Amino acid sequence: MSDTRKLNPPASLTPASIPWFVLFFDLVVVAAFSQTAKTYQATPTWYTSAFIAACILLVYSLWAVTTIEFLVTEVETWTHRVIVLVQMTAILVGALSLGRGSGLQDAWGFAALSVALGCGAVLTGLRGRIHQRDRNLIIRRAVLLGVASLLFFGGALVPAESDVGGVHVVLIVFYLATPVAIAAALTLMPQLVHRDARERSHVIQERFGLILLIVLGDSFLLLLGSVGSDNTIAQPLFFIASVLLVFSIWALYFPELSRAAFPDTLRAGYARLGAHFLLVLSSTVAIVACTWMTKHSFPQLAESARQDGAWTALPIFTISASILWLTLLRDRRMSAQSVLHLTCSVVLLVLTLFGIFASDLESYWLLLAAVGVLIAQAILSLSAFRVASSVA
1 MSDTRKLNPP ASLTPASIPW FVLFFDLVVV AAFSQTAKTY QATPTWYTSA FIAACILLVY
61 SLWAVTTIEF LVTEVETWTH RVIVLVQMTA ILVGALSLGR GSGLQDAWGF AALSVALGCG
121 AVLTGLRGRI HQRDRNLIIR RAVLLGVASL LFFGGALVPA ESDVGGVHVV LIVFYLATPV
181 AIAAALTLMP QLVHRDARER SHVIQERFGL ILLIVLGDSF LLLLGSVGSD NTIAQPLFFI
241 ASVLLVFSIW ALYFPELSRA AFPDTLRAGY ARLGAHFLLV LSSTVAIVAC TWMTKHSFPQ
301 LAESARQDGA WTALPIFTIS ASILWLTLLR DRRMSAQSVL HLTCSVVLLV LTLFGIFASD
361 LESYWLLLAA VGVLIAQAIL SLSAFRVASS VA
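In this text, residue positions in the sequence shown follow the UniProt record's numbering: the first is 1, and each later residue adds one.
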């Protein structure tokens with residue numbers, strides 16, 4: 001029996017249309033998201049935040065390339081599975097290299113990212129029959145992934161102490177290679193919005209929903225680690241806030257926005273991808289922040305704030321902003337739901353700005369207040385959705 005399995009979707013698309021191996025890949029990607037955010041959870045500076053965003057965006061781009069290739073390719077073989085298994089291992093090694101003293105060395109991380117991107121290029125090259133309209137896009141994607149892979153491989157060979165004008169060479173390589181990998185992922189969009197791919201839009205939407213759902217599920221694993229050696233929870237208030245935060249994100253996205261059809265234009269498609277990434281990024285960072293605070297007493301939080309800076313409500317604000325963005329893309333007008341999300345986003349922005357100039361512990365209380373605003377936003381949004389559904 002051939003090991004080749006056709007991936008042409010049935011007339012009625014169901015969650016079973018997504019290969020189980022792709023779901024396994026999702027788990028690994030979310031683990032990399034969480035590891036990336038946890039590495040710097042105690043030092044929430046603006047530079048650190050930008051670096052976290054760049055790292056997660058790089059892994060998100062790898063996820064997009066691999067998962068879409070599995071959905072649009074005409075065959076899935078054991079060759080595909082082995083390559084993705086190698087890629088998953090490389091992504092995990094890359095995430096572990098972010099330890100900065102406690103993790104693997106940068107050279108290991110750069111080599112791992114080189115392998116992961118190289119696997120993406122090979123997967124792209126393994127496409128079966130290629131429609132003429134897609135040929136140039138696929139070639140461009142494979143070339144960009146190959147270039148990014150070579151850049152990271154070069155970074156692995158650079159001595160860690162090398163610098164140019166006081167800037168580490170490895171950082172220069174990272175910020176050069178990451179945009180190339182992102183550009184490779186963006187070449188997917190013309191294929192996704194094409195008429196022939198519209199039949200699979202439901203499955204594509206499920207892919208977006210599942211990666212976010214796994215991010216939310218991972219939060220409970222983080223909460224399990226919040227119990228101290230004395231079998232107590234240092235901050236029960238933050239523990240409750242973490243659980244309610246997860247519920248709020250679910251309530252804001254899944255009952256309503258997860259059902260929205262995938263855009264049929266390039267501009268809207270890019271906007272949809274950007275909004276989804278912002279939601280995944282901010283959800284990951286916000287959950288990691290709240291669960292980290294659950295494990296520390298107020299004196300420890302105050303000391304951390306004095307030394308490394310305190311968390312602000314920025315990740316909560318960006319969750320609300322991404323929900324507003326997705327709602328505007330769906331409704332294409334300023335609907336009642338959009339007004340609700342806009343109002344809450346403005347309130348959260350104010351709390352974020354106050355947090356920047358707040359004292360050590362005040363910033364944590366402002367973060368809790370921001371979680372409260374997001375909970376209220378979720379309850380109001382869910383109530384409005386249920387009312388609209390009953391009327392319809």
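For each residue, glycine too, the CB sits at the ideal point set by N, CA and C.
Values in this document were obtained by computation on a predicted structure and should not be read as measured data.
If we call anything under 8 Å between Cβ atoms a contact, is residue i one with residue j?
i	j	result
ILE319	LEU222	no
GLY154	ALA121	no
GLN307	HIS341	no
THR39	LEU98	yes
THR178	LEU137	no
ARG248	LEU361	Strictly speaking, residue 248 in this sequence is Ser, with Arg absent from that position. No, Cβ-Cβ distance for SER248 and LEU361 is not below 8 Å.
LEU92	VAL28	yes
ALA95	THR48	no
THR284	VAL215	yes
ALA185	SER322	no
ALA313	LEU278	no
VAL22	PHE70	yes
VAL170	PHE262	no
LEU252	SER381	yes
THR43	GLY309	yes
VAL86	CYS55	no
LEU151	VAL167	no
HIS80	LEU126	yes
GLN205	HIS296	no
PHE357	MET293	no
SER363	TRP311	yes
May I ask you to list the residues that DSSP assigns as paired with residue i?
i	result
HIS168	ASP163
VAL180	Per DSSP, none; premise fails for VAL180.
ILE233	VAL227
Taking residue i and residue j to be in contact with their CB atoms under 8 Å, please state how far apart those CB atoms are, rounded to whole angstroms.
i	j	result
SER219	THR124	That pair is no contact at about 33 Å.
VAL280	ILE182	Not confirmed; about 15 Å, so no contact.
ALA148	VAL115	Contact doesn't hold; Cβ gap of about 12 Å is too wide.
SER338	LEU348	15 Å between Cβ atoms; not a contact.
ALA336	ALA260	Going by Cβ atoms, the distance from ALA336 to ALA260 rounds to 16 Å, so no, they are not a contact pair.
MET88	PHE25	6 Å
LEU257	ARG333	15 Å between Cβ atoms; not a contact.
LEU144	VAL180	6 Å
VAL84	THR66	6 Å
In the DSSP assignment, the alpha helix (DSSP H) including residue i goes from what residue to what residue?
i	result
GLN377	362 to 391
ASP26	20 to 39
GLY118	106 to 125
ALA321	314 to 331
HIS80	78 to 96
LEU188	Note, LEU188: premise wrong, no alpha helix (DSSP H); not H, not E.
VAL346	336 to 356
SER282	266 to 294
Touching by the beta-carbon criterion (3+ pairs, under 8 Å), the segment 347 to 361 and the segment 382 to 392: no
Segment contact, 8 Å Cβ cut-off, at least three pairs: the segment 262 to 274 with the segment 241 to 251: no
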